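Residue numbers (my numbering): 675 to 737.
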């Protein structure tokens with residue numbers, strides 16, 4: 675079992691809209707991380723990211 679793949683990534687950014695350049699780049703990052711076998715949690719606001727950190731012990735990387 676790959677223990678490091680049990681960790682979740684948290685990506686906090688205000689824009690995930692694929693119609694915008696920033697959103698498309700974030701989509702590409704998420705796709706690359708997921709292709710490596712990791713789960714990605716998205717948060718649009720810092721408050722949402724803080725809540726995710728407090729409630730999900732699997733988060734091992736925050737971007």
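Note that beta-carbon positions come from the ideal geometry of N, C-alpha and C, so glycine has one too.
Treat the numbers as computed from the prediction; the structure is a model and nothing was measured.
In terms of DSSP beta bridges, what is residue i paired with?
{"i": "residue 715", "result": "684"}
{"i": "residue 733", "result": "682"}
Go through its chain and collect everything with a Cβ distance to residue i's Cβ below 6 Å, but skip five positions before and after it.
{"i": "residue 736", "result": "684"}
{"i": "residue 687", "result": "700"}
First and last residue of the alpha helix (DSSP H) that includes residue i?
{"i": "residue 696", "result": "695 to 709"}
Write down the C-beta distance between residue i and residue j rounded to the nearest angstrom, noting that I regard them as a contact closer than 8 Å.
{"i": "residue 715", "j": "residue 691", "result": "About 18 Å separates the two Cβ atoms, so there is no contact after all."}
Closest to residue i by CA distance: which of the options is it?
{"i": "residue 740", "options": "702, 710, 689 and 721", "result": "No information on residue 740 is available, as it lies outside the stretch 675 to 737 that the chain covers here."}
Once you ignore the five residues that flank residue i on each side, which residues in its own chain have a CB closer than 7 Å to its CB?
{"i": "residue 728", "result": "none"}
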